[in-house]
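Quick mapping for you: the protein sequence lines, in order, are chains A and B.
Each residue of the first sequence is one higher than the last, beginning at 1 in our numbering.
Each residue of the second sequence is one higher than the last, beginning at 1001 in our numbering.
There are 2 protein chains.
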Amino acid sequence: MEMHRLDPRTSVPEALRAVLSRIRPVERTELLAVPTAAGRVAAEDVTSRVPVPAFPCSHVDGYAVRTRDLKGVSATRPVNLRMVGAIHAGECFPRALAAGETVAIATGAPVPHGADAVEMFENVDATGRSIQFSLNVVPGENVDPAGGDLASGTRIVTQGTPLTPALIGLLSLAGYGQVRVYARPVVGVLSSGNELRPPGPEPLPYGKVFEANSAALSALIEPNGGVPKVLPPVRDVASVLERALRRALAASDMVVVSGGSSVGERDLLHTVLPRVGTVLFHGVKVRPGMPTIAAESGGKVILGMPGHPASCLSNALWLLVPAVRKLSHLPGDGTSRVRVRMARDTPLHGHGFSTVVPLRIQGETARSTFHGSHFITSLHPANGYAILPPAKRHLRQGESIYARRALFLGGA
Amino acid sequence: MEMHRLDPRTSVPEALRAVLSRIRPVERTELLAVPTAAGRVAAEDVTSRVPVPAFPCSHVDGYAVRTRDLKGVSATRPVNLRMVGAIHAGECFPRALAAGETVAIATGAPVPHGADAVEMFENVDATGRSIQFSLNVVPGENVDPAGGDLASGTRIVTQGTPLTPALIGLLSLAGYGQVRVYARPVVGVLSSGNELRPPGPEPLPYGKVFEANSAALSALIEPNGGVPKVLPPVRDVASVLERALRRALAASDMVVVSGGSSVGERDLLHTVLPRVGTVLFHGVKVRPGMPTIAAESGGKVILGMPGHPASCLSNALWLLVPAVRKLSHLPGDGTSRVRVRMARDTPLHGHGFSTVVPLRIQGETARSTFHGSHFITSLHPANGYAILPPAKRHLRQGESIYARRALFLGGA
């Protein structure tokens, strides 16, 4: 058995930069019904088709008036106007309001031509059709002018903007039933290793392991904008891996491989990747996750992750997630940066490399959930993580650090 | 036109409690392929089918040894063992290791019977089949014992746990290809109002508005665990609304109606809801969003939201989202609480009620995006919000408050 030592030369920021600089966000677009487009990214600028509101609109229940009819009005000098109708939302008054006239108007209904304000119903005395006003009313009072929220032709969405629930509402209000968004990038997910067996009720032969990385990676790809495409696991044979990789590349916008990323005899990625593309780096100065390799082929990035599920997932957090997000036109790494205090002393195990520490963040306190880099149980209680620099040997209890809180890890 | 004043008596916490106490999380379950179950909630406890690792496993590339063969070894007293084979991942050595023997072993491969440690390949001198050891090796070194990460039969998922990417990986490792999760609750979405027109290229008649609430509410329901079921808008006719509500209730686990929630002549919810169920409250001491009504019918909650898109969406953040999440077995309100400083002086407009302030949170700073309760453009730059108590009249520049940051609003 040939054995080699992997001597990584690439730091975490260098690895991230190398990968992100090769990622080209997908250019394919699709037309979606607006209510289903939340979380997707606009592929074009959108301007409002109509002003919002589309007409001068009452924002109270009351009486539409011509304010000049109410000049000098006061409690001691009330003015009576004649009610000539009522306007509910969705209706419109068929003519201009004439001198001495008022109309009852509901919230959301169009203020009739001629009228320039609405008095709230609580402030008048109504006796049949005679409406008595005793408070001053200024032009524009309780009226949202046409286009006051949004003028027609205003740009409401810029190409590249993720569509939030409020933007979905705004697009609808502005008259759009459909919106053009970027297609979700397809991320091929390939696991390699003779030891892998599909999880299921079949007994596990001695020496084999249930294949977990494709499921865990899919679960990270999906909430970060990608469509995971899980491919059948491949055996540790260079020609087989090469063929599978080429097929995966043809069918995806990016490929992530787990297993075979180190330098052992059956670690084939460093042999196969140069045949398929250009290797960007092999080995990252980070623990866990050091034996990581990346390549680029025909404008597509291939990430080779360590086969151990804990290292694979740890790497995916800081390397795969930002890559998938960039491919998807989504910003950042999907986390929010929060300042936290460490709940207890936490030794780091970087041994001169950066350390990725999985964290359980609660309020402004965090505790490491790490209890061994070979333990996937180190990761599942975490709702965030921190990357500590190589020089950092441990975190003291009460020490304040920046952590990355990730809803996609399940932490609310 | 009949006009009334709504005099709300219910505070924000009371309204939330009244709704949440009536929500019964869905009991329906479904069996899903594990890789597609991320974000869903486990409907049963799951225990590991196998120990993880399933066998004593090397976590380095090196040589498996019987440590008693290396007693007293040192640089000056090296020991030579005979290499009798090699074990790659997925293979197993066919017999127990005998005295004086060693086998080459790859990371992830099973340590053969008889052997009790693995020496890293960097620490030996290999000459053909003769392997020279010169460092002390302790029992267990570089070996993950069977079940060291997870003993067989360990509970890995508890009923009610949301499935994170790490748990998806753990379920797979533990031998599960499928997992039973709670069904996603169906949330009926109904808009009411004669003024509503479906968004689209058709010109908007004067006095009408494009219907936006069903799209915006769907966009909030979906990332919080629910399946929005948008129903056709209904006209302001009590019998029509009642029929539509009953149909919506029959087809959903909860119903949200927008429009008609106040006390105007065409605000029909307060008339119709008592026929369909029990009204929980009508009017909440909050701005925006005061004219909100809630009812319960046959164990299902109905929320009636104001028709104005900005008020409707604002209410949905603190009332609908937690309700949908509870229905979905998801905890909390989908936000993370962060301490922020206000970037500038911000007057509040609660006028004696609580105020919901939409916030753009960046790092530890927040600014209000509110510029008028009738403006949906007040909301779309927000990636979080805060609810300020009635007594609070304004926020000073630099003042520190707790804000709720919401990834579902698009803020990373």
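Where a beta carbon is used, it is the ideal one built from N, C-alpha and C, also for glycine.
Predicted, not measured: the structure shown is a model, and the values here were computed from it.
query: Of the residues Arg49/A, Lys285/A, Ser130/A, the one placed nearest glycine 352/A, counting alpha carbons only; result: Lys285/A
query: Cutoff 8 Å: proline 1061/B Cβ touching any chain A Cβ; result: The residue asked about is misnamed: residue 1061/B is aspartate in this sequence, not proline. By this cut-off, aspartate 1061/B is an interface position.
query: Buried/exposed call for valine 138/A, threshold 16 Cβ in 10 Å; result: exposed
query: Exposure label - tyrosine 63/A; buried when at least 16 CB within 10 Å; result: buried
query: According to DSSP, residues forming a beta bridge with asparagine 1080/B; result: Gln1132/B
query: Distance, threonine 355/A Cα to histidine 349/A Cα; result: 7 Å
query: Rounded C-alpha distance that separates aspartate 125/A from glutamate 44/A; result: 53 Å
query: Under 9 Å (Cβ pairs) to chain A, residues found in the stretch 1378-1408 of chain B; result: Ser1378, Leu1379, His1380, Pro1381, Ala1382, Asn1383, Arg1405, Ala1406, Leu1407, Phe1408
query: Where methionine 1254/B meets chain A, residues with beta-carbon distance less than 7 Å; result: Correct list: empty, because the minimum Cβ distance to chain A is about 18 Å.
query: Test item: CB-CB of valine 41/A and tyrosine 206/A under 8 Å; result: no
query: Inter-residue spacing [alpha-carbon to alpha-carbon] between aspartate 1144/B and valine 1111/B; result: 9 Å
query: Within 9 Å of chain C by C-beta, residues of the stretch 159-185 of chain A in sequence order; result: In the structure shown, chain C cannot be found, because the protein chains are A and B.
query: Identified DSSP bridge partners for valine 1041/B; result: Pro1162/B
query: Distance, valine 1209/B Cα to threonine 1377/B Cα; result: 16 Å
query: Contacting positions in the stretch 1039-1051 of chain B - beta carbon closer than 9 Å to chain A; result: Gly1039, Arg1049, Val1050
query: Closer than 8 Å to chain A by CB, histidine 1282/B; result: no
query: Lysine 1208/B at chain A interface by Cβ criterion, 8 Å; result: yes
query: Nearest to glutamate 1202/B (by Cα), restricted to the options Gly175/A, Pro347/A, Glu211/A; result: Gly175/A
query: Three-state class that DSSP yields for glutamate 399/A in the structure shown; result: coil
query: Option nearest proline 1306/B by Cα separation, candidates Met1254/B, His1270/B, Val1240/B; result: His1270/B
query: Short CB-CB distance (under 8 Å) between glycine 1350/B and chain A; result: no
query: Three-state class that DSSP yields for phenylalanine 1055/B in the structure shown; result: coil
query: 7 Å Cβ cut-off: residues of chain B touching isoleucine 376/A; result: Asp1149, Ala1166, Gly1169, Leu1170, Leu1173
query: Within-8 Å CB hit, histidine 329/A to chain B; result: no
query: Exposed unless 16 or more other CB atoms sit within 10 angstroms - verdict on leucine 150/A; result: buried
query: Exposed unless 16 or more other CB atoms sit within 10 angstroms - verdict on alanine 89/A; result: buried
query: Local conformation of serine 1152/B per DSSP, three classes; result: coil
query: Member of Gln1132/B, Val1019/B, Ser1191/B, Leu1359/B whose CA lies at the smallest distance from the CA of arginine 1404/B; result: Leu1359/B
query: Residue-chain proximity (alanine 412/A, chain B), Cβ-Cβ < 8 Å; result: Low confidence applies here, because alanine 412/A scores a pLDDT of 46, under 50, leaving its location unreliable; read the following figure in that light. Yes, contact with chain B.
query: Backbone secondary structure at glycine 1140/B - three-state DSSP; result: coil
query: Boundaries (first-last residue) of the beta strand (DSSP E) holding histidine 1282/B; result: 1278-1282
query: Rounded C-alpha distance that separates glycine 225/A from glutamate 27/A; result: 14 Å
query: Where glycine 1169/B sits in the DSSP three-state scheme; result: helix
query: 8 Å contact criterion, which valine 186/A and serine 252/A should meet: CB distance rounded; result: 5 Å
query: Residue span of the beta strand (DSSP E) that contains leucine 190/A, given as start and end; result: 186-191
query: Outcome for histidine 1113/B when other beta-carbon atoms lying within 10 angstroms are tallied against a minimum of 16; result: exposed
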